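Note sheet for the following structure.
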Amino acid sequence: MDQDIIDLREKYLNQDFDTTPFEIDPKKTVEYARLCGETAPRFLDPADADFQASPTYIASLMGGRTMPKDFPVKGIGMDAGKGVECLAPIRPGQTLNGKTHLHDIYTKTGRSGRMVFVVSRIEFYDNAGKHLANSDSRIVIREKG
Amino acid sequence: MSIESISDVEFGVDLPAFKPDTRLSSASTFAKLVGWNAPRFNDHEAAKKEGLPGAMIPGILSQGYLVAMIHNWAPVANVKSIDTVFRAPVIADDDHTIIGVVTDINEDDKLVEIDLTVKNSKGETRVFGTAMIEIP
């Protein structure tokens with residue numbers, strides 16, 4: 506691993522840099538699930554006893570920032586992928602607290618040069634502080650020469 | 107066959123192919139719902155001006171298709187995690203097919219790993235991912 510990436514990892518990984526509240530609107534989660542192609546009542550019917558947001562709904566929630574203010578890697582950032590980890594169901598109608606940190610930084614080198622991959626993770630907690638889910642955004646940055 | 111328990115799952119089995127709703131009108135509705143009201147999701151001509159082949163499906167909608175496919179196959183499944191790579195744009199109004207295969211089964215923990223791929227009408231891979239699900 507390149508020394509500059511080792512330094513970035515030491516300075517930025519696992520440091521919360523954003524906290525944002527998210528209201529989970531039942532109408533929105535139902536429409537989200539419907540458009541994804543879900544058919545189960547637990548995602549579509551607010552009267553269902555197990556009513557919940559579809560597992561990937563949290564991937565649509567964005568905090569105030571996806572990168573720390575002073576993150577030094579400059580270049581064109583592109584969405585390279587998303588990951589979701591579900592620890593407990595997200596119940597519509599509640600407010601979640603989202604805390605964002607950088608979860609991973611690594612590089613890949615191709616014909617056009619080095620690309621830096623940054624994984625920005627939002628951890629979602631309920632009002633009691635229970636950890637419900639994680640949403641990872643994988644951003645690839647082609648460095649400016 | 108709809109999967110009702112972990113004992114119904116066979117290693118290496120293909121999930122039933124899933125045809126997602128990739129109409130432009132649906133992509134546009136979804137993009138507005140999540141606050142991504144950009145021309146690239148709403149208008150083929152506007153997307154072409156940005157260098158795309160046409161209006162694209164938001165990446166997180168493609169991820170949502172993958173999970174809906176799993177629930178279509180195993181209604182009782184709880185998705186524990188899904189990791190998705192956006193390899194190339196999924197273009198709206200083009201027919202796409204999602205395929206999936208069971209790559210691991212852990213009967214003790216009732217966990218199943220599935221590899222998933224979104225292909226366009228030319229058979230080209232656009233999105234792929236891996237999901238870990240729990241089947242009671």
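Chain order of the listed sequences is A and B. Positions in the first sequence are counted from 1; adding 505 to them yields my numbering. Positions in the second sequence are counted from 1; adding 106 to them yields my numbering. The C-beta atom is built at its ideal place from N, Cα and C for all residues, glycine as well. In this text, all values refer to a predicted model and were calculated from it rather than measured experimentally.
Secondary structure of residue i, DSSP reduced to three states
i      : result
B:I176 : helix
A:P526 : strand
A:K532 : helix
B:N212 : strand
B:K225 : strand
B:R50  : In the structure displayed, chain B extends from 107 to 242; residue 50 of chain B sits before or after that span and is not available.
A:R547 : helix
B:K154 : helix
A:G580 : strand
Cβ-Cβ separation, residue j to residue i (assumed contact under 8 Å), whole Å
i      : j      : result
A:G603 : A:G634 : Not quite, the Cβ-Cβ distance comes to about 13 Å (not below 8 Å), so this is no contact.
B:L172 : B:G235 : 6 Å
B:L217 : B:I204 : The Cβ separation is near 21 Å, so there is no contact.
B:H202 : B:V185 : Not really, about 20 Å apart at Cβ, beyond 8 Å.
A:G580 : A:E648 : 5 Å
A:F622 : A:T614 : With a Cβ gap of about 11 Å, A:F622 and A:T614 do not count as contacting.
B:G118 : B:V191 : So it is not a contact: roughly 22 Å between Cβ atoms.
One or two residues paired with residue i in a DSSP bridge
i      : result
B:N184 : B:E240
A:S642 : A:K587, A:S625
B:F124 : B:I204
A:D609 : A:V624
A:Y562 : Paired residues: none, contrary to the question.
B:L217 : B:N212, B:E240
A:E648 : A:G580
B:D189 : A:G588, B:T236
A:Y630 : A:N602, A:H636
Host alpha helix (DSSP H) of residue i (start-end)
i      : result
A:N519 : Element bounds for A:N519: n/a, residue is neither H nor E.
B:F136 : 130-139
Classification of residue i by the beta-carbon crowding that lies within 10 angstroms, buried from 16 upward
i      : result
A:T534 : buried
A:F587 : Looking at the sequence itself, residue 587 of chain A is Lys, so the reference to Phe does not match. Classification of A:K587: buried, given that the 10 Å Cβ count is 16 or more.
B:A137 : buried
A:K636 : Going by the sequence as given, residue 636 of chain A is His instead of Lys. When all chains shown are included, A:H636 counts as exposed.
B:N143 : exposed
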